[in-house]
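All remarks here apply to the structure that follows.
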């Protein structure tokens, strides 16, 4: 029975590591400056997943905590429930803080990968974020809308990285009663 327990533990450990790893063939942005990335970001597009399904007007607020972690507040509007949905978590660098590769947790000790694959390195106005696999992709912007040329540039990059863009959801950012927790 003991070998089975060890095998299950190793499988669980491998699963948790895989949940934060960078997908093969993707290199996170470097050099990265967290202080410039902090603040509010609007979700422009995403690949569908259960924890944001049906949400519009999604925004995230990132703020530095005294222990060096990053407080993450995600907020989006559910038309089905006619209410705002909010999730609060924390992010930590996986390695060096100059590499845009973090792990984010919204549920206890379970982390998922948050890897910035493309970034407006001049002004930090937009980013292309990937998760631990090619099932997770977000296009983020400091503004509610992205210029068409930037949007096309990010789509080209995502396609080159092997993402299935036919599944991409364009997120509406039209509500005037924005979630106050994510920077209003």
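In the working numbering, the protein residues as written are 114 to 297.
Cβ atoms here follow ideal geometry from the backbone N, Cα and C, with glycine treated the same way.
Predicted model, so just to flag it, every value in this text is computed and none were measured.
* At what residues does the alpha helix (DSSP H) containing residue 150 begin and finish? -> Start at 1 with the first residue of the chain shown, and residue 150 comes out as number 37. Taken as a continuous stretch (DSSP letters only), the alpha helix (DSSP H) holding residue 150 covers 147–150.
* Whole angstroms is fine: what's the gap from residue 249's alpha carbon to residue 147's? => Along the chain shown, one-based indexing puts residue 249 at 136. Along the chain shown, one-based indexing puts residue 147 at 34. Cα to Cα, the separation comes out at about 21 Å.
* For the alpha helix (DSSP H) that residue 272 lies in, which residues bound it at each end? -> Against the chain shown, residue 272 aligns to sequence position 159. 261–273 is the extent of the alpha helix (DSSP H) around residue 272.
* Asked: Are three or more beta carbon pairs between the region 262–270 and the region 183–196 nearer than 8 Å?
  -> No, the region 262–270 is not in contact with the region 183–196.
* Where do the ends of the beta strand (DSSP E) carrying residue 174 lie? -> If you number the chain shown from 1, residue 174 lands on position 61. Following the DSSP letters along the chain, one finds residue 174 inside the beta strand (DSSP E) bounded by residues 168–177.
* Asked: Below 7 Å between beta carbons: does that hold for residue 217 and residue 230?
  -> Reading the chain shown from its first residue, position 104 is the one you call residue 217. Reading the chain shown from its first residue, position 117 is the one you call residue 230. With contacts defined by Cβ atoms closer than 7 Å, residue 217 and residue 230 do not form a contacting pair.
* To do: On the DSSP bridge assignment, give the partners of residue 284 in chain order.
  => Counting from 1 along the chain shown, the entry for residue 284 is found at position 171. Its beta-bridge partners do not exist; DSSP assigns none.
* When the Cα atoms are used, what is the spatial distance from residue 149 to residue 176? -> Position 36 of the chain shown holds residue 149. Position 63 of the chain shown holds residue 176. Cα-Cα distance, rounded: 11 Å.
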